[in-house]
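J.: Residue numbers (UniProt numbering): 1 to 226.
#1: Going by CA-CA distance only, name the one from 110, 116, 77 that's closest to residue 9.
#2: Taking DSSP as the reference, what is the three-state secondary structure of residue 68?
#3: Out of 198, 104, 118, 207, which one is the CA nearest neighbour of residue 65?
#4: Assuming contact is defined by CB atoms lying nearer than 9 Å, are residue 84 and residue 149 in contact in what I supplied?
#5: Terminal residues of the continuous beta strand (DSSP E) containing residue 142?
#6: Short check: CB of residue 227 to CB of residue 100, under 9 Å?
#7: Residue 37 to residue 56, Cα distance in whole Å?
#8: With DSSP as the reference, label residue 44 as helix, strand or coil.
#9: Consult DSSP for residue 135 and reduce its assignment to one of helix, strand or coil.
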């Protein structure tokens, strides 16, 4: 079973590392990190750099395809980037096509979601609705070979749910135990419905500003006049 995690410049590390940690524990699963080109792919902060040896073209028919979120996914979806093409071409052959956080926007841009319910980071639900998708406030949404998750930490929940679907629930339970994944967060502010309004306002501003700064910093250089 081939599980391909598609990377692009500006991915969010937790969206990748959480599912990666789960999937690499599945017996007989081959987890592949791939990108449009071989080489180093940097995360959204530019501090974590992943050396990628496999291109999208080399993984045309994975059993599971996962797209993480991050400011780069918003740019990929908007500009119909290479990861969008890969998702569109590979989806007919997958057992599951997966979007974590704003990776769901890539699935939407690839035309996979239609008007079905799908999860994404709460701040980008309106962006998802712009593709005609029905944003869900659920942490994980699955159906018709497509699975989507909310913000970054939902990647763990999503990966465990998929392991249960692909194998047996007992394996997913064992992986959860091996990771000692039993979250008891110090604050009950993990969704905008629970967090105080001032907290929601500050986080909304900071995340949008970060996404815009990343986009400006990584915008293609203007073409030189002939």
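A virtual CB, placed ideally from N, CA and C, is assigned to each residue, including glycine.
None of these values were measured; they are calculated from a predicted model.
T.: To lay it out plainly:
#1: The residue with the shortest Cα to Cα distance from residue 9 is 77.
#2: coil
#3: 104
#4: no
#5: 140-143
#6: There is no way to answer for residue 227, as the model of the chain reaches only from 1 to 226.
#7: 8 Å
#8: Residue 44 carries a coil assignment under DSSP once its states are collapsed to helix, strand and coil.
#9: If DSSP states are grouped into helix, strand and coil, residue 135 belongs with the strands.
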